[in-house]
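Following: one structure in structure tokens, then a few remarks.
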């Protein structure tokens, strides 16, 4: 007879809202986000923490949610792609991806939106090399990265125009 | 992809963590998880209890001495190493190496402790720490003990940290006057898994007084090459010396072969990276290190 | 890029900037030709896409396959009971049970004897590759299913593994499928012209011992996934998956599991890349259907990356032995002969169609007249081959580019001049190839010139010459010419097996006015990033004279509501022709119906009616107009106002199947018109080799494409970028290799290095538009690309090697291989090439 999974109570903030939940100790954060919280925007593309499709921001840091356990989310602030647009208004990063054709199938896109959002918070005026380094953890098989880099450069430029 | 059943605990103190670790054979520390979670996903090892130490403040600090020595908590992340002014000032090469480990997401969680304790021959920090003569501070319920980095790594995923223990911090002495450090990697792709790697520290002034040359990827653990070190001592601080000494790496070096490189290629590349690491150390030592 | 006063860019992106003057293209009205921004983006950017793993069904169980750890083994015993004993496990399906539940094994494309292969949804008696599925578990949670899979007790008796593509054909090799009696899935000799005559009369014969095109995959970021429900109530099977060729899947799965095609309901919405690999998921879907039936619940399957690498499907691996090339002293290449061995893996899933598909481009970009290919397809203990971006043509085009590159290198021809001398010329179109294919249009010499100019090839040559000996670096400049043949004639399957009742091609669409006059488009395609919603809207909008954002294209595919033909799906570089051809045809039919109703309503003649901005308007009399809502009203809700003749005939629901003008090819001579369109890509690149390590850095990269009319230039350019990067990845970083025991060495992204943004070079693009005379809109399919990076990088590495060094003979060139090539000359290793017949041509070698 199988032992039941060990569970933990956790509380966390998700896209600005406070939540409480009970999680199994062995559940990965990405499954918690997708299957339990029902947010399907965070994707799974691999099983070695290589592809970045599961990228979210936790306590202000860009992380791969498949490399974190759900109980480790206790006491944290989590941002997923669903929280990026505000009241249906796409963010500067999202608009830039749209304008530069920075997505094709869209599967890597949420992870890249998070990675680009994180980068520009930290480094509002990145060089091309810095952009490539910043998204090295996000694999895209459709775009060849060319328009993704163009998108992030456009977002950085738009950001600086808005700030000016 | 899906983990086996495992329990999870996040004690508030190091003492609590040690107690939890001692409570079972199958307990292990969980820091950033960037190595351990993959191990668990692929069910390569079975654990009963993951003891989350990633938020213990005692393990997360960076402090430096006036002499340029560093003490880095085991749970300091690669990104923190990259951006720490203290690390960059005292050991810029360490900051650079940490800042080029894989990708931003891994650097935001992966820790120096995890990189050392989940000992894999392709890991970035162990060979550098051995070259720098670091001291690994192991914490148990009984107290702390120092283990020289070159004695710390025992085999695949096996280190001097025993059951019921954890790595507390890494102490790195300052580079002595006339010393420089170097590091060279041949990897599958940019900032990716190493095929060959070497780290070196060279001290001298015109002539090489001392050299530490550490090869990674040629054995389960980072390994100093005594023959090359010996050939460097007394030689001139020059590229020629580096090249000649690298020829000491010969048939005694028996790397594994896999899809990314045959044993023969890895041996040849060990010479190349060792030479380059030494050359970089020589160039790096050119400045005043006080 | 324009900027509005508010400081944000809000206008659609302008046309892709390029080095070419667009003046050659026709003046277009409407939105075709404009880089209209994508409507797919809004949901995808916000994580609101509906991908296969996002689908959830009431009462579902989670499925986990149990897979063989061995490359080749007998299944001695399989006991599911320990798994069934785990709480939360709903059911386990074994291979024996699956076979019992099936009517017949999977349909085989191959003729005798390979048609005797008995493959069921799960392995029975034997496993034939590392990852072959032997059972599937259904459980309450993902974790329980995974745990239970480990508990299924399978005992194996390992057998010797057959891993050599060529050696597998030996009569003494261990057999994968005993009832077939051989590992040869197919063999045929393609022989056009007279190569023996050519070799005898040529001034030079260049012989290449062995060329190897490696096994890799485009590895879409989203793995396979499905929720399959055998609904006992309606006795239908709902398959919500990301299979990209659902009608092909239906036609194979249906007869095997005993379900009529109108009771198999495939649906998908967003697919996270496919590149051909997701054609191969039908066996898993069949297994899930049987599992669902057994358990009485929907079966939800998520394939994780390791499972995908092991079992989803790999691209073709091909070996070319004893290639002989006939060359005249002026550089004219008469032709070549070769012995090709293609590796189909352990089961034939779509193979051996690859054994004929390469012949769509039998002479590549060149006017070769004499071609002989002795083609053997073998089965080995490796993952089954599935179509992978560039399917089967890629391998052959690489062979031809290696031939041209090596001929230039060995005989001292300038690589640019040699190519131009042999290219199909701009005035040769339509050009009939030795096997009856017709190249529709193009301008290869101009494409090459453009590529070299964008690269600044002359500048790089100078830098190459200036590079010091002893610097430890070498620079090489390479060219890769390729074709992307699109819209294929499925009749070529008869060249493989004359009994196959397949021919032609087609795609279906319907365009309608909905209840309130909304223009709605519905396609038989399954887009995975190719922007069908946007481009179909553009085409339909132009026909109906309205802005594209007022045309609604249904997202995704649903067999219950979409229209389709057997060829429906998205694959093989054809959407721009077939899908958009169908959309255009349906829109034109709808327009004609709208005009008739509008004419009646406005009391005018049909010839006086203009259709624009969502209304019918009498020409020259703007007041006399009726909007689409009024047109729709008369058909849907108000039909008594219409005369009987109109009412009986007009539905405002117009279906069109675009059918390309094909005939059935001739299996005897193996000739025929096998593909409708031929896009081209000419790539040029500069590499820097590290002599000490073999590391390759790409210093400069240019891709020039010609795909005829560009419906949406930015989308086309995006496809070029993507194909380029996958090609570069395959050339330098990505390979599937098996060890001597048949264990896959790159079974996850930890070991299979998918190219990252930090590896990726900057890519410059240019384009030419040579409209196809054969297609409704002048466009050509172009998504696959043709693998030019593999050709170009091999060519560039070759250019950096010395005259005593070996030839680049493998499509995959990671650092160790390049290092060995660099030092092959000094080590006196065999070069792999021989030249006979007279002295090398005089003339500028370009070096």
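Protein chains in written order, with this note's numbering: chain A, 1 to 164; chain B, 1001 to 1290; chain C, 2001 to 2847.
Every residue, glycine too, gets a C-beta built ideally from N, C-alpha and C.
Quick caveat: nothing in here was measured; it's all calculated off a predicted structure.
In this chain, residue 2422 (chain C) is not harboured by any beta strand (DSSP E); it is covered by the alpha helix (DSSP H) spanning 2415–2422. Pairing residue 81 (chain A) with residue 41 (chain A) gives a Cβ-Cβ distance under 8 angstroms.
Considered as a whole, the stretch 61–101 of chain A harbours 61–64 and 77–79 as its complete beta strand (DSSP E) runs of no fewer than 3 residues, in chain order.
Using a Cβ-Cβ cut-off of 9 angstroms, residue 2758 (chain C) is close to 1103, 1189, 1190, 1191 and 1192 of chain B, given in chain order.
In this chain, the beta strand (DSSP E) harbouring residue 2551 (chain C) covers 2551–2553. Rounded to whole angstroms, residue 83 (chain A) and residue 30 (chain A) show a C-alpha spacing of 16 angstroms. Under the 8 angstroms criterion on CB atoms, residue 2390 (chain C) is classed as non-interfacial with respect to chain A. When secondary structure is reduced to three states using DSSP, residue 1154 (chain B) falls in the strand class. Spatial neighbours of residue 1215 (chain B) in its own chain (CB-CB distance under 6 angstroms, excluding positions within 5 residues in sequence) are listed in chain order as 1198, 1223, 1225 and 1270. Burial state of residue 1203 (chain B) is buried, judged by a 10 Å Cβ sphere holding 16 or more other Cβ atoms. With fewer than three CB-CB distances shorter than 8 angstroms, the stretch 2397–2409 of chain C does not count as touching the stretch 2303–2315 of chain C. For residue 1099 (chain B), the three-state secondary structure derived from DSSP is helix.
Only 5, 6 and 8 from the stretch 4–21 of chain A bring a Cβ to less than 8 angstroms from some Cβ of chain B. For residue 2473 (chain C), the uninterrupted beta strand (DSSP E) segment begins and ends at 2473–2488. Per the coordinates, the alpha-carbon of residue 2590 (chain C) lies some 18 angstroms from the alpha-carbon of residue 2561 (chain C). Residue-level contact by beta carbon holds for residue 1001 (chain B) and chain C, with a gap shorter than 8 angstroms. Judged by DSSP secondary structure, residue 2716 (chain C) falls within the alpha helix (DSSP H) whose first and last residues are 2713–2732. At a cut-off of 8 angstroms, the C-beta of residue 133 (chain A) has a neighbouring C-beta in chain C.
Listed along chain A are 25 and 26, each with a C-beta nearer than 7 angstroms to that of residue 1006 (chain B). Distance between residue 104 (chain A) and residue 2746 (chain C), taken at the CA atoms: about 26 angstroms. Beta-carbon to beta-carbon, residue 106 (chain A) and residue 2044 (chain C) are separated by about 3 angstroms, close enough to satisfy the 8 angstroms threshold. Between residue 1187 (chain B) and residue 1200 (chain B), the C-beta gap is not smaller than 8 angstroms, which leaves the two residues out of contact. Taking one beta carbon from each stretch, the stretch 1277–1284 of chain B and the stretch 1250–1268 of chain B have fewer than 3 pairs nearer than 8 angstroms; the two do not touch. At a cut-off of 8 angstroms, the C-beta of residue 2423 (chain C) has no neighbouring C-beta in chain B. The criterion of a C-beta distance shorter than 8 angstroms is not satisfied by residue 28 (chain A) and residue 73 (chain A).
For residue 2054 (chain C), the closest Cβ of chain A is nearer than 8 angstroms.
Beta-bridge partners of residue 2324 (chain C) (DSSP): C:2207 and C:2337. Any Cβ of chain B closer than 8 angstroms to the Cβ of residue 71 (chain A) would place that residue at the interface, and such an atom is present. In the DSSP assignment, residue 1185 (chain B) falls outside any alpha helix (DSSP H) and within the unbroken beta strand (DSSP E) covering 1179–1187. DSSP lists B:1070 as the beta-bridge partner residues of residue 1064 (chain B). The Cβ-Cβ distance between residue 2362 (chain C) and residue 2675 (chain C) does not fall below 8 angstroms.
Residues of the stretch 48–73 of chain A that bring their beta carbon within less than 7 angstroms of a beta carbon in chain B comprise 48, 49, 52, 55, 61, 62, 63, 64, 67, 68, 69, 71 and 72, in sequence order. Within the DSSP bridge table, the entry for residue 2265 (chain C) names C:2238 as partners. Taking residue 1250 (chain B) as reference, the option from B:1241, B:1267, B:1094 and B:1239 with the minimal CA-CA separation is B:1267. Judged by DSSP in its simplified three-state form, residue 2223 (chain C) adopts coil rather than helix or strand. A contact is defined here as three or more CB-CB pairs under 8 angstroms, and the stretch 2771–2781 of chain C fails this definition with respect to the stretch 146–157 of chain A.
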